[in-house]
Amino acid sequence: MSRIHSGFTLKWYTMSDRIHITNINESIAESTKNYNRVKELKAFEDTKAGVKGLVDSGIVNIPKIFIRPPDELAGELKYGQNNLQVPVIDFTRIESHIRSKKIIDEVRQASKEWGFFQVVNHGIPPGVLDGMLNGIRRFHEQDAEVKKEYYSRDQTKKVIYGSNVDLYTSRAANWRDTLTISMMFSYHVEPHELPSICRSAIIEYINQVTKLGEVVFELLSEALGLIPEHLGGTLECGRVLRDNHWVDVPPVSGSFVVNIGNFLQMISNDEFKSAEHRVLANRVGPRISVACFFTGVAVPPKIYGPIKELISEENPPLYKEFTVSEYVTKFYSKAIDKSGLEDFKLKG
2 MSRIHSGFTL KWYTMSDRIH ITNINESIAE STKNYNRVKE LKAFEDTKAG VKGLVDSGIV
62 NIPKIFIRPP DELAGELKYG QNNLQVPVID FTRIESHIRS KKIIDEVRQA SKEWGFFQVV
122 NHGIPPGVLD GMLNGIRRFH EQDAEVKKEY YSRDQTKKVI YGSNVDLYTS RAANWRDTLT
182 ISMMFSYHVE PHELPSICRS AIIEYINQVT KLGEVVFELL SEALGLIPEH LGGTLECGRV
242 LRDNHWVDVP PVSGSFVVNI GNFLQMISND EFKSAEHRVL ANRVGPRISV ACFFTGVAVP
302 PKIYGPIKEL ISEENPPLYK EFTVSEYVTK FYSKAIDKSG LEDFKLKG
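Under this note's numbering, the first residue of the sequence shown carries the number 2, and numbering increases by one thereafter.
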């Protein structure tokens, strides 16, 4: 197998089975007695077994570190609007000039208004998608001692297994574990560095998604009025928050969900929007999500900022220039549900 070359990060989020609590308020009150959050966070971290380790241990109540304050949770649950539909864009016959113009228009509208869209008929075989999900399921179902080999909080590593990158900065931990393959600080990953139980599935998936990512970036470039090659492949390729309402995104079988992300909002100078989003755990059984982030590379350092061709006297830059390392440092310094856009906005 040849090494994988790229400039993106691949993350697999696994949400284990839910644990039901009959009366969450009583549970919170009970768990508050003699509660030391830092101590419990460290105890959870030291197991290196993640959320799945908790489930496998047979716990019957959710530890308090995972329970969000009732006032915060109630504020989110009141949002909901099911009469809106996240755009679905069909890539059929994308090579046709007439058809591609229509697709570019759809991508432009979705990126401006939603910051989210689903792609169907993208050309990646269903077997590749199924193979990826099954491979990651096999990884997470392994014995905890096997997975500990990859456990780390060092985000510069190429292969990382962990739970909650913002464990010590968020108000409540998320009910999920993550396997990350990162090429942000290195242009490649050698096959032997990947977990053997899902190695071939990862390599095939990355190769296929990289090609699709190139197509998406060509469309995004043209949607901004730029040449197709402008964005290249150096940027970042649930539910969506739209007009203060959480909108369900019903999964379309075999489709990909494209999220614009903060990085692209900044370099497009707010032409495209980054949508706040979240993933809900299944009511029964685990859930696996695969996310691919095209975020550029940190080494060697490269300066990013609003695209020069999009800047004018009437449309001045809204964000300062930055490197990937600066962006990542800001991102990991706060809770993962907090936007990092304000940190890079120009004042005045």
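Cβ atoms here follow ideal geometry from the backbone N, Cα and C, with glycine treated the same way.
In the same chain as leucine 319, and ignoring 5 residues on each side of it, the C-beta atoms closer than 7 Å to its own belong to Asn270, Asp271, Pro307, Lys346, Leu347, in chain order. In the three-state reduction of the DSSP assignment, threonine 296 falls in the coil class, being assigned neither a helical nor a strand state. Fewer than three beta-carbon pairs drawn from the region 168 to 187 and the region 95 to 113 are found closer than 8 Å, and the two stretches are therefore not classed as touching. Here the alpha carbon of leucine 42 sits roughly 11 Å from the alpha carbon of threonine 170. When beta bridges are read from the DSSP output, phenylalanine 257 appears opposite Val120. Boundaries for isoleucine 90: no alpha helix (DSSP H) harbours it, while the beta strand (DSSP E) harbouring it runs 89 to 91, taken from the DSSP string. Beta-bridge pairing by DSSP links aspartate 72 to no other residue. Residue pairing for valine 160: DSSP places it in a beta bridge opposite Ile182. Note that the C-beta distance between glutamate 73 and leucine 168 is not below 8 Å.
Bounds of any alpha helix (DSSP H) do not take in threonine 324, whose DSSP letter is neither H nor E. Cβ-Cβ distances below 6 Å link valine 210 to Cys293 in the same chain, with the five nearest sequence neighbours on each side left out; the list follows chain order.
In the DSSP assignment, glutamine 266 falls within the alpha helix (DSSP H) that extends over 262 to 268. Excluding its 5 nearest sequence neighbours in each direction, valine 129 has C-beta neighbours in its own chain below 7 Å: Glu205, Tyr206, Gln209, listed in chain order.
The region 45 to 60 makes contact with the region 143 to 151, as at least three CB pairs between them are under 8 Å.
Beta bridge pairing from DSSP links tyrosine 305 with Phe323. Collapsing the DSSP output to three states places tyrosine 151 in a helix.
Ranking Ser254, Pro252, Ala44, Ala224 by CA distance to the CA of isoleucine 261 puts Ala224 first. For the pair of segments examined, the region 84 to 97 was found to touch the region 116 to 128: the number of CB pairs separated by less than 8 Å reaches three. Residue range 98 to 114 is occupied by the alpha helix (DSSP H) that includes arginine 109. In the DSSP assignment, lysine 346 forms a beta bridge with Tyr320.
Exclusion of the five residues before and after leucine 311 leaves Asn270 as the residues of its chain whose Cβ lies within less than 6 Å of its Cβ. Going by DSSP, serine 201 is part of the alpha helix (DSSP H) stretching over 200 to 224. Its chain contains Ile95 as the residues whose beta carbon lies nearer than 7 Å to that of serine 101, once the 5 sequence neighbours on both sides are disregarded; these appear in chain order.
The Cβ atoms of methionine 133 and valine 291 lie closer than 8 Å to each other.
The continuous alpha helix (DSSP H) containing histidine 141 extends over residues 127 to 142.
For glycine 54, the enclosing alpha helix (DSSP H) covers residues 51 to 57. Distances from the alpha-carbon of glutamine 86 to those of Gln143, Ile161, Val253 put Val253 closest. DSSP places phenylalanine 332 in the helix class (H, G or I) of the three-state scheme.
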